[in-house]
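Chemist:
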Amino acid sequence: MAAPWMTLGCLLMTLPGPVMAAPTSPPTPPALTEAETATLVARIQKTYAPVDTLTASFVQVTESALYGRDEQVGEILLQRPNRMRWDFAGSGKQYVLDGKTLWIYQPAQKQVLRFSQIQEQSMIANNLLMSLHKVGDDFDPKALPAETGYRLQLVPKDPTMRSQVKEIVLALDDKLALSGLRLVDPMDNVTNLTFRKTRLGAQVPEGTFTFQVPEGVEIIDAG
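In this note's numbering, the protein residues as written are 28 to 250.
As structure tokens, this is what we get:
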């Protein structure tokens with residue numbers, strides 16, 4: 028026969044404890060109406076129209092069934108109409124577009140890819156970020172529910188771009204500063220970009236968009 032204290036102990040262990048209510052999060056506000064979305068798009072265009080440069084730090088997370096998950100961080104600088112610079116921390120990788128030529132520098136391979144013929148449609152993220160001053164002209168926007176700020180699903184009006192991207196979602200904070208971008212391609216590869224410290228109208232030092240080929244690096248003409 029079990030000792031009384033053992034029986035009592037087992038009983039206490041089987042008694043149900045106090046029921047704890049599951050934590051609840053505040054409900055997500057409903058998406059904007061069509062009229063509210065049109066007003067938001069007009070505000071975005073008005074905000075971005077007077078400036079021709081955008082700088083931000085970014086976190087890029089790419090998820091692919093073939094290559095798995097990859098996360099990179101860095102700094103981005105864009106200047107309308109067709110200049111950009113992406114500097115990736117750690118790896119030293121760079122994307123530099125000087126207005127005519129795109130340079131993709133990969134230090135680990137000691138190679139730089141040189142693209143002389145650039146199709147704007149093939150650079151979807153940059154094309155969008157450089158076009159926020161006319162986002163309503165280039166895309167059909169649809170507001171999505173957002174816990175904070177705003178989220179817009181963008182359908183490209185250009186048929187060529189529609190064939191290259193399955194989904195585009197743009198995120199802006201309450202002050203319309205760029206905060207995120209989600210891209211899904213036709214193969215269901217997903218790229219999520221999160222932006223911080225977004226600045227508009229920053230001064231660009233001379234030579235920012237000029238790529239200097241490091242000594243010992245092979246140049247590969249990629250088209």
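Even for Gly, the Cβ is constructed at its ideal location relative to N, Cα and C.
This one's a predicted model, so the numbers in the text were calculated from it and none came from an experiment.
(1) Exposed or buried, what is Gly-234 when buried is set at 16 or more other beta-carbons lying within 10 Å of its beta-carbon?
(2) Assuming Pro-57 contacts Pro-172 (C-beta within less than 8 Å), just tell me the rounded distance between them.
(3) CA-CA distance, Val-162 and Leu-105?
(4) From Val-123 to Tyr-177, what does the alpha carbon distance come to, in whole angstroms?
(5) Taking the alpha-carbon positions, what's the Gln-180 to Pro-77 distance?
(6) Beta carbon of Ile-151, beta carbon of Gln-99: below 8 Å?
(7) Hey, quick one: how far does the beta strand (DSSP E) through Asn-219 stretch, first residue to last?
(8) What residues in its chain sit with their C-beta under 7 Å from that of Trp-113, if we drop five residues either side in the sequence?
(9) Hey, how far is the Cα of Arg-107 from the Cα of Thr-82?
(10) Under a three-way DSSP split, which group does Ala-198 fall into?
(11) Find out if the Cβ-Cβ distance for the pair Asn-153, Met-111 is shorter than 8 Å.
(12) Could you tell me the distance, in whole angstroms, from the CA atom of Thr-221 to the CA atom of Arg-141?
(13) Looking at Phe-238 and Asp-125, is the spacing between their C-beta atoms short of 8 Å?
(14) For Thr-80, which residues does DSSP report across the bridge?
(15) Quickly, what does DSSP pair Ala-170 with across the bridge? List them, please.
(16) Using three-state DSSP, classify Glu-242 as helix, strand or coil.
(17) Buried or exposed: where does Pro-213 fall if 16 or more other Cβ atoms within 10 Å of its Cβ makes it buried?
(18) Going along the chain, which residues of its own chain have a beta-carbon closer than 7 Å to the beta-carbon of Glu-245, five neighbours each way excluded?
(19) Which residues bound the beta strand (DSSP E) around Gly-126?
(20) What's the call for Ile-195, buried or exposed, on a 16-neighbour Cβ count within 10 Å?
(21) If you draw a straight line from the alpha carbon of Tyr-132 to that of Glu-61, how long is it in whole angstroms?
(22) In terms of residue numbering, what span does the beta strand (DSSP E) encompassing Leu-140 cover?
(23) Using 8 Å for Cβ pairs, my map puts Leu-205 next to Leu-199. What's the rounded Cβ distance?
(24) So, Arg-223 versus Ser-118, is the Cβ gap smaller than 8 Å?
Modeler: So, from the data block:
(1) On the sequence shown, position 207 is the one that residue 234 refers to. It is exposed - the Cβ of Gly-234 has fewer than 16 other Cβ atoms within 10 Å.
(2) Within the sequence shown, numbered from 1, the residue matching residue 57 stands at position 30. Within the sequence shown, numbered from 1, the residue matching residue 172 stands at position 145. With a Cβ gap of about 6 Å, Pro-57 and Pro-172 count as contacting.
(3) Start at 1 with the first residue of the sequence shown, and residue 162 comes out as number 135. Start at 1 with the first residue of the sequence shown, and residue 105 comes out as number 78. Roughly 16 Å between the two C-alpha positions.
(4) In the sequence shown, counting from the first residue as 1, residue 123 sits at position 96. In the sequence shown, counting from the first residue as 1, residue 177 sits at position 150. Computed Cα separation, rounded: 30 Å.
(5) As a first step, residue 180 is located in the sequence shown; it is residue number 153 there, counting from the start. As a first step, residue 77 is located in the sequence shown; it is residue number 50 there, counting from the start. Rounded to whole angstroms, the gap between the alpha carbons of Gln-180 and Pro-77 is 24 Å.
(6) Your numbering for residue 151 matches position 124 in the sequence shown. Your numbering for residue 99 matches position 72 in the sequence shown. Against a cut-off of 8 Å, the Cβ pair of Gln-99 and Ile-151 comes out as no contact.
(7) For this step, residue 219 is matched to residue 192 along the sequence shown. Counted as a single uninterrupted DSSP element, the beta strand (DSSP E) harbouring Asn-219 occupies residues 217-227.
(8) Counting from 1 along the sequence shown, the entry for residue 113 is found at position 86. Taken in chain order, the residues that qualify are Gly-101, Ile-103, Gln-121, Tyr-122.
(9) Mapped onto the sequence shown, residue 107 falls at position 80. Mapped onto the sequence shown, residue 82 falls at position 55. Cα to Cα, Arg-107 sits roughly 12 Å from Thr-82.
(10) The sequence position of residue 198 within the sequence shown is 171, counting from 1. DSSP, read as helix, strand or coil, puts Ala-198 in strand.
(11) Along the sequence shown, one-based indexing puts residue 153 at 126. Along the sequence shown, one-based indexing puts residue 111 at 84. Yes.
(12) The count along the sequence shown starts at 1 and reaches residue 221 at position 194. The count along the sequence shown starts at 1 and reaches residue 141 at position 114. Distance between the alpha carbons of Thr-221 and Arg-141: 27 Å.
(13) The sequence position of residue 125 within the sequence shown is 98, counting from 1. The sequence position of residue 238 within the sequence shown is 211, counting from 1. Yes, Cβ-Cβ distance for Asp-125 and Phe-238 is below 8 Å.
(14) Taking the sequence shown and counting its residues from 1, the one referred to as residue 80 is at position 53. As a beta-bridge residue in DSSP terms, Thr-80 pairs with Gln-106.
(15) Your numbering for residue 170 matches position 143 in the sequence shown. According to DSSP, which records beta bridges pairwise, Ala-170 is partnered with Leu-179.
(16) Counted from its first residue, the sequence shown places residue 242 at position 215. Three-state result, Glu-242: coil.
(17) Along the sequence shown, read from residue 1 onward, the residue named residue 213 stands at position 186. With fewer than 16 Cβ atoms within 10 Å of its Cβ, Pro-213 is classed as exposed.
(18) Here the question's residue 245 lines up with position 218 in the sequence shown. Within the same chain, Cβ atoms closer than 7 Å to the Cβ of Glu-245 are found at Lys-137, Gln-138, the five residues on either side in sequence being excluded.
(19) Counting from 1 along the sequence shown, the entry for residue 126 is found at position 99. Per DSSP, Gly-126 belongs to no beta strand (DSSP E) and is neither H nor E.
(20) Position 168 of the sequence shown, counting from 1, holds the residue named residue 195. A residue is called buried when at least 16 other Cβ atoms come within 10 angstroms of its Cβ; Ile-195 meets this threshold and is buried.
(21) Translated into positions along the sequence shown, residue 132 becomes position 105. Translated into positions along the sequence shown, residue 61 becomes position 34. C-alpha separation (whole angstroms): 43 Å.
(22) The residue labelled residue 140 in the question sits at position 113 within the sequence shown. Per DSSP, the unbroken beta strand (DSSP E) holding Leu-140 starts and ends at 138-142.
(23) As a first step, residue 205 is located in the sequence shown; it is residue number 178 there, counting from the start. As a first step, residue 199 is located in the sequence shown; it is residue number 172 there, counting from the start. The C-beta separation of Leu-205 from Leu-199 comes to about 6 Å, placing the pair in contact by the 8 Å criterion.
(24) The residue given as residue 223 occupies position 196 in the sequence shown. The residue given as residue 118 occupies position 91 in the sequence shown. No, they are not a contact pair.
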